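Visitor: Shown below is the structure under consideration.
There are 2 protein chains.
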Amino acid sequence: MAQPELATLDHESRIAADDHQSIRLWLRLLTCTNLIEKRLRSRLREEFDTTLPRFDFLAQLERASDGLTMGELSARMMVSGGSVSGLATQLESEGLISREPVPENRRTFCVRLTRQGKRRFSEMATQHELWVMEMLGCLNASEVDDLMASLKRLKSCITATEQGA
Amino acid sequence: MAQPELATLDHESRIAADDHQSIRLWLRLLTCTNLIEKRLRSRLREEFDTTLPRFDFLAQLERASDGLTMGELSARMMVSGGSVSGLATQLESEGLISREPVPENRRTFCVRLTRQGKRRFSEMATQHELWVMEMLGCLNASEVDDLMASLKRLKSCITATEQGA
DNA sequence: GAATAATATTTTAAATATAAAATGTTTTGC
DNA sequence: GCAAAACATTTTATATTTAAAATATTATTC
């Protein structure tokens with residue numbers, strides 16, 4: 001009974017079904033990301049009176065002990081140069097980062113965490129990690145590994161299809 | 001040789017390792033979502049001179065043939081009421097949606113696609129589906145199914161840890 | 001049934017996003 | 001070496017986001 005029905009699914013129908021499956025996967029991915037992002041956003045506001053972009057800015061610097069240029073920050077944070085510029089102005093005025101000119105290339109700046117920025121970030125990072133653990137922690141190690149592998153493959157699929165079409 | 005080393009990983013170390021793995025998973029998820037979102041955003045701009053939130057607004061209505069209230073739209077789109085309100089004002093002025101009062105409850109509106117909105121959305125949806133296929137299409141059916149299952153589990157993990165902590 | 005609480009939406013204020021133009025610096029090509 | 005191109009950043013103008021206040025309606029409670 002099942003086989004004849006399957007046989008009636010022609011190539012076009014199957015393609016259409018796959019289409020919908022792709023869309024469904026994309027929507028599910030988006031939902032998960034939105035849920036996590038919103039939770040982190042509200043916790044950062046409640047507990048540290050800050051925002052996700054500002055946290056992310058500091059996090060990128062924490063990972064790069066030699067400092068980063070504005071362009072590198074823009075690429076790693078995946079936001080426009082204008083955004084990075086505005087965030088940097090704020091964080092600099094709060095004393096959390098420094099923006100020093102580079103003698104060899106006067107077009108660029110080297111952005112670093114200040115001592116205060118490091119201290120402040122580490123307070124937030126500890127909590128941030130707990131919040132993420134809280135949300136992802138019920139996945140066991142092999143589930144996490146599976147997801148990591150699948151998403152790695154997905155990422156390479158996405159970047160394989162180049163932007164300029 | 002491997003067992004003794006594993007044995008030296010005490011509970012705390014293993015927890016720390018898991019923490020980082022959770023963060024890495026979260027960042028990878030975010031990267032994938034950002035890549036897809038940016039691509040869709042720029043394509044929608046280039047080809048239809050519109051934005052992702054506006055497309056999403058219409059898409060939610062397309063799926064709900066009986067129309068939706070502003071609050072339902074807000075929940076399904078996972079954005080604030082204020083955003084929905086602003087988007088509705090725009091889309092209404094462009095003639096793509098209608099916002100009719102509901103006699104039984106004068107607080108709410110019933111939002112629907114207009115004929116023009118349906119036509120416009122279907123043009124965009126066709127392309128949108130192709131763009132998503134383009135990015136996710138290199139995953140085979142079983143990879144997609146695996147991801148769907150993993151993300152479903154992830155979603156239930158996230159929502160299981162309730163917001164109000 | 002009047003006062004209070006809950007609900008649905010819009011408006012407001014502040015922050016953030018982008019694209020594109022402007023500015024200043026370095027590199028390239030002749 | 002000078003003009004043109006490429007590069008890195010900031011500024012500008014516009015659009016979007018959110019949280020919270022304001023508005024209006026409905027439901028509850030005593």
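Protein chains in written order, with UniProt numbering: chain A, 1 to 165; chain B, 1 to 165. We put the beta carbon where it would ideally sit given N, CA and C, even for glycine. As the structure is a prediction and not an experimental result, all values here were calculated from the model.
(1) Could you have a look at LEU29 (chain A) and say whether DSSP puts it in helix, strand or coil?
(2) Do MET70 (chain A) and SER83 (chain A) have their C-beta atoms within less than 8 angstroms of each other?
(3) Just how far apart, CA to CA, sit MET135 (chain A) and PRO103 (chain A)?
(4) Within the continuous alpha helix (DSSP H) that includes GLU72 (chain B), where are the two ends?
(5) Identify the contact partners of GLY137 (chain A) in chain B, using a Cβ-Cβ distance below 7 angstroms as the criterion.
(6) May I ask you to check if the CB of ALA141 (chain A) is nearer than 7 angstroms to at least one heavy atom of the ligand NAD?
(7) If we ignore side chains and look at the alpha-carbon of each, how far apart do SER156 (chain A) and GLU100 (chain B) end up?
(8) Residues in the region 98 to 109 of chain A with C-beta within 8 angstroms of chain B's C-beta atoms, listed in sequence order?
(9) Alpha carbon to alpha carbon, how far is LEU140 (chain A) from LYS152 (chain B)?
(10) Starting from the C-beta of GLY81 (chain A), find all residues in its chain whose C-beta is less than 8 angstroms away, skip the five residues before and the five after it, and write them out in chain order.
(11) Use the C-beta contact count for ASP145 (chain A): other C-beta atoms within 10 angstroms, 16 or more gives buried, fewer gives exposed.
(12) For a test of the three-state rule: what should DSSP assign to CYS110 (chain A), helix, strand or coil?
(13) Mapping the DSSP letters down to three states, classify SER65 (chain A) as helix, strand or coil.
(14) Report buried or exposed for ARG43 (chain A), applying the criterion of at least 16 other Cβ atoms within 10 angstroms of its Cβ.
(15) Count the other CB atoms within 10 Å of the CB of ASP49 (chain B); is the residue buried (16 or more) or exposed (fewer)?
(16) Could you give the DSSP three-state label for ASN34 (chain B): helix, strand or coil?
(17) Can you confirm whether LYS155 (chain A), when its beta carbon is compared against all beta carbons of chain B, has any partner nearer than 8 angstroms?
(18) Using only alpha-carbon positions, find the residue among A:GLN21, A:ARG39, A:ASP56 and A:THR31 that is nearest to LEU91 (chain A).
(19) In whole angstroms, what separates the C-alpha of LEU6 (chain B) from that of PHE121 (chain B)?
(20) Kindly indicate which three-state DSSP category GLU94 (chain B) falls into: helix, strand or coil?
(21) Tell me which residues share the same chain as LEU96 (chain B) and place their Cβ nearer than 8 angstroms to its Cβ, disregarding the 5 neighbours each side in the sequence.
(22) Give the residues of chain A in contact with THR50 (chain B), contact being defined as C-beta atoms less than 8 angstroms apart.
Guide: Working from what's here:
(1) helix
(2) no
(3) A direct Cα-to-Cα measurement between MET135 (chain A) and PRO103 (chain A) gives close to 45 angstroms.
(4) 70 to 77
(5) SER22
(6) Inclusion of the ligand NAD in the displayed structure is not the case, the ligand content being empty and no account of it being possible.
(7) 45 angstroms
(8) none
(9) Note on residue identity: the sequence assigns Asn, not Leu, to residue 140 (chain A). For ASN140 (chain A) and LYS152 (chain B), the distance between alpha carbons rounds to 14 angstroms.
(10) Within the same chain, GLY81 (chain A) has close Cβ partners MET70, GLY71 and SER74.
(11) By the 10 Å Cβ count, ASP145 (chain A) comes out exposed.
(12) strand
(13) coil
(14) buried
(15) exposed
(16) helix
(17) yes
(18) Comparing C-alpha distances from LEU91 (chain A) to each of A:GLN21, A:ARG39, A:ASP56 and A:THR31 shows the shortest one belongs to A:ASP56.
(19) Caution is warranted here: a pLDDT of 43 is assigned to LEU6 (chain B), below 50, making its placement in the model unreliable, and the coordinate value is therefore given only provisionally. Those two C-alpha atoms are separated by around 56 angstroms.
(20) coil
(21) LEU58, LEU113, THR114, GLN116, GLY117, ARG120 and PHE121
(22) The contacting residues do not exist; THR50 (chain B) stays about 18 angstroms from chain A at best.
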